[in-house]
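For reference, the structure discussed in these notes is given below.
Numbering (the numbering used here), first residue to last: 55 to 263.
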């Protein structure tokens, strides 16, 4: 019948308004990250609807249009596994610029500088590989890559949990600045209520899916 053997997320309903942020909190294993991946189309939902910008989305990312993929980006908890260790920062950020916007090499190079400026990283980091960056720098590169697509919504899945308190606070302040500049919306997933309260307009609590 197409239903999953295990219900990781069951009967979840949420709304994120344009320019506002929704926090999703709950203990580890309650289904927060599964929810994020379902919304992004990484894990297809067994049932239910996802409506984005007035249009119902396909349940899997591979069936969504390029614009729908571009407008909804996800940033993961562990930047180490999200960034290609063999590629310099320039190539990592350039990929969505080519895929979504078709920019040539010169235009991509200029935009990479602009994106590094936006996430408060020195332009010289474009030549470094992820292994040469700190945890906070890696997460900012992750955000620069997401911003390169030109999204309306960014899903932040436990993005500060692997960072120390000071670095995490700086990342939160950066997200606030980017939101003011670009009119972004965030779904911010965390087990830390204080982090969610620092950036979110509304908060929902998940418990056992």
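From the three backbone atoms N, C-alpha and C, an ideal C-beta is built for every residue, glycine too.
Do residue j and residue i come within 8 Å of each other at the CB atom, strictly closer than that value?
i: residue 138; j: residue 146; result: yes
i: residue 124; j: residue 176; result: no
i: residue 143; j: residue 182; result: yes
i: residue 133; j: residue 75; result: no
i: residue 208; j: residue 198; result: no
i: residue 253; j: residue 236; result: no
i: residue 239; j: residue 70; result: yes
i: residue 103; j: residue 110; result: yes
For the alpha helix (DSSP H) that contains residue i, what are its first and last residues?
i: residue 77; result: That residue, residue 77, is in no alpha helix (DSSP H); its beta strand (DSSP E) goes 75–79.
i: residue 153; result: 143–155
i: residue 226; result: 219–236
i: residue 251; result: 247–251
i: residue 107; result: Residue 107 -> no alpha helix (DSSP H), and no H or E assigned at all.
i: residue 101; result: Residue 101 -> no alpha helix (DSSP H), and no H or E assigned at all.
i: residue 158; result: Taken as a continuous stretch (DSSP letters only), residue 158 belongs to no alpha helix (DSSP H), as it is neither H nor E.
Note the first and the last residue of the continuous beta strand (DSSP E) segment covering residue i.
i: residue 258; result: 256–259
i: residue 87; result: It is not in any beta strand (DSSP E) - residue 87 instead sits in the alpha helix (DSSP H) that spans 86–94.
i: residue 239; result: 239–244
i: residue 127; result: 126–129
Which term fits residue i, buried or exposed, when burial requires 16 or more other beta carbons within 10 angstroms of its beta carbon?
i: residue 259; result: exposed
i: residue 86; result: buried
i: residue 185; result: exposed
i: residue 67; result: exposed
i: residue 95; result: buried
i: residue 98; result: exposed
i: residue 202; result: buried
i: residue 60; result: Caution is warranted here: a pLDDT of 48 is assigned to residue 60, below 50, making its placement in the model unreliable, and the coordinate value is therefore given only provisionally. With fewer than 16 other Cβ atoms within 10 Å, it is exposed.
i: residue 194; result: buried
i: residue 249; result: buried
i: residue 72; result: exposed
i: residue 55; result: At residue 55 the pLDDT is 44, less than 50, meaning the model places this residue with poor confidence and gives no usable figure here.
i: residue 57; result: Only weak support is given to the placement of residue 57: the predicted model assigns it a pLDDT of 49, under 50, and the question is left unresolved by the model.
i: residue 180; result: buried
i: residue 136; result: buried
i: residue 171; result: exposed
Task: Three-pair Cβ contact test at 8 Å for the stretch 177–194 versus the stretch 202–219 - done: Contact between the stretch 177–194 and the stretch 202–219 is present, because at least three Cβ pairs lie under 8 Å.
Open item on the list: List, from N- to C-terminal side, the alpha helix (DSSP H) runs of 4 residues or more that fit wholly inside the stretch 166–216.
Closed with: 189–203
Open item on the list: Check whether the stretch 109–122 and the stretch 155–164 are in contact - that is, three or more C-beta pairs closer than 8 Å.
Closed with: no
Open item on the list: For the stretch 239–252 against the stretch 73–93, do three or more pairs of beta-carbon atoms, one drawn from each stretch, fall closer than 8 Å, so that the two count as touching?
Closed with: The stretch 239–252 is in contact with the stretch 73–93.
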